[in-house]
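Novice: The structure follows.
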Amino acid sequence: MGKSQAIILLAGALCLLSLAGVSNADTDQFSVEGMVYCDTCRLQFMTRVSYFLEGATVRLQCRNITTGIENYNAEAVTDKSGHYTFQVSGDYEDDICQVTLVKSSKEDCSEIPTEAIGQQGAQISLTSNNGEATPVRNANPLGFMKKTPLPECEAVIKELEINDNEDGDDVGHGTSGTESASGSGSGSEQGSGAGAEQGSASEATQGSGSGSWSVAPVGSEAAGESDAGAESGTGSN
Numbered sequence: 002m003g004k005s006q007a008i009i010l011l012a013g014a015l016c017l018l019s020l021a022g023v024s025n026a027d028t029d030q031f032s033v034e035g036m037v038y039c040d041t042c043r044l045q046f047m048t049r050v051s052y053f054l055e056g057a058t059v060r061l062q063c064r065n066i067t068t069g070i071e072n073y074n075a076e077a078v079t080d081k082s083g084h085y086t087f088q089v090s091g092d093y094e095d096d097i098c099q100v101t102l103v104k105s106s107k108e109d110c111s112e113i114p115t116e117a118i119g120q121q122g123a124q125i126s127l128t129s130n131n132g133e134a135t136p137v138r139n140a141n142p143l144g145f146m147k148k149t150p151l152p153e154c155e156a157v158i159k160e161l162e163i164n165d166n167e168d169g170d171d172v173g174h175g176t177s178g179t180e181s182a183s184g185s186g187s188g189s190e191q192g193s194g195a196g197a198e199q200g201s202a203s204e205a206t207q208g209s210g211s212g213s214w215s216v217a218p219v220g221s222e223a224a225g226e227s228d229a230g231a232e233s234g235t236g237s238n
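Under the numbering used here, the sequence shown has 25 at position 24, and the numbering climbs by one with no breaks.
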């Protein structure tokens with residue numbers, strides 16, 4: 002009985018280990034997907050006159066953050082819709098992984114951007130410890146630049162500038178409206194204050210009963226009138 006129990010326990014442990022291995026294998030499988038297009042206006046972003054490239058080659062590389070050692074390197078070719086896919090096994094939590102352009106399928110649209118925005122490529126995270134629930138990693142679109150921009154690009158750029166100006170005008174109008182409202186409020190307050198002060202001065206001078214326009218406290222003026230009346234009565238007597 003003792004040997005039988007030991008065999009059963011050993012078999013159970015092996016099953017658990019195999020299940021854990023399958024679980025880890027599933028976790029460490031990633032699918033990297035992205036698109037490649039022709040940048041017909043040399044703007045380094047997609048426009049309405051851009052188109053996707055079939056047969057373009059891209060490369061996925063992963064390098065250790067600290068040592069710079071390359072731990073993964075593979076290439077893929079885009080399909081007829083300009084889409085590519087990498088199937089990656091393993092976790093690269095300590096690596097910087099990015100997709101870069103390698104070769105275009107169009108001679109007239111084959112220039113790889115050399116500015117900083119183009120050199121960065123499409124960076125992705127290949128680890129299950131980043132909070133992402135799905136193993137699919139979508140890379141930003143990458144574009145080969147056309148040697149000579151299309152004639153339509155001038156109109157495209159103007160359209161983009163118009164959209165930018167409209168956004169700026171909306172912000173400006175909102176600011177002007179706010180200032181106008183503030184100005185109206187200030188004017189009303191100033192007008193009310195001035196009117197109130199003038200009214201008080203007028204009441205004070207009219208209440209004195211004399212020809213003088215000097216402003217004095219109302220109580221003092223009333224006392225002065227009483228004294229004047231008393232003196233007048235005394236003189237009459």
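Ideal placement from N, C-alpha and C gives every residue a C-beta, glycine not left out.
#1: To the nearest angstrom, how far is the alpha carbon of Glu155 from that of Ala140?
#2: As a quick exercise: from Lys104, Glu167 and Pro136, pick the residue whose alpha carbon is nearest that of Val56.
#3: At a cut of 8 Å, does the segment 43-51 reach the segment 60-73 through at least three beta carbon pairs?
#4: In this structure, how does DSSP classify Leu161 when only helix, strand and coil are distinguished?
#5: Note the first and the last residue of the continuous beta strand (DSSP E) segment covering Met47.
#6: Quick check on this structure: which residue in Asn164, Asn131 and Gln99 has the alpha carbon closest to the alpha carbon of Gln124?
#7: By how many angstroms is the C-alpha of Gln88 removed from the C-alpha of Val59?
#8: Our contact map puts Tyr85 next to Gly35 with C-beta atoms below 8 Å; I'd like the distance itself, whole angstroms only.
#9: For Ala77, is the classification buried or exposed, using 16 other Cβ atoms within 10 angstroms of its Cβ as the cut-off for buried?
#10: Among the residues of its own chain, which have a CB less than 8 Å from the CB of Asp96, if the five just before and after it don't count?
#11: Per DSSP, which one or two residues make a beta bridge with Ile70?
#12: Per DSSP, Asn139 is paired with what?
#13: Is Glu167 helix, strand or coil by DSSP?
#14: Could you pull the start and end residues of the beta strand (DSSP E) that Lys104 belongs to?
#15: Note down the Cα distance separating Phe31 from Asn166, rounded to an integer number of angstroms.
#16: If you reduce the DSSP assignment to three classes, tell me which class Cys154 lands in.
#17: Quick one: what does DSSP say Ser211 is sitting in, helix, strand or coil?
Specialist: Quick answer:
#1: In a straight line, the C-alpha of Glu155 is about 29 Å away from that of Ala140.
#2: Residue identity check: residue 56 is Gly in the sequence provided, not Val. From the listed residues Lys104, Glu167 and Pro136, the smallest Cα separation to Gly56 is found for Lys104.
#3: Note that the segment 43-51 does not touch the segment 60-73; fewer than 3 beta-carbon pairs, one per stretch, sit closer than 8 Å.
#4: Per DSSP, reduced to three states, the secondary structure at Leu161 is helical.
#5: That residue, Met47, is in no beta strand (DSSP E); it is neither H nor E in DSSP.
#6: Here the closest residue by C-alpha is Gln99.
#7: So the two alpha carbons sit approximately 14 Å from each other.
#8: Between Gly35 and Tyr85 the Cβ distance is about 6 Å, and since that is below 8 Å, they are a contact.
#9: Label assigned to Ala77: buried.
#10: Once the five neighbours on either side are set aside, the close Cβ partners of Asp96 are Cys63, Arg64, Asn65, Ile66, Asn72, Tyr73 and Leu127.
#11: Beta-bridge pairing links Ile70 to no other residue.
#12: For Asn139, which the question treats as bridged, DSSP gives the partners Glu34.
#13: Per DSSP, reduced to three states, the secondary structure at Glu167 is helical.
#14: Per DSSP, the unbroken beta strand (DSSP E) holding Lys104 starts and ends at Asp96 to Lys104.
#15: Those two C-alpha atoms are separated by around 42 Å.
#16: Helix, per DSSP.
#17: No answer about Ser211 holds up, because its pLDDT of 38 lies below 50 and its placement is not dependable.
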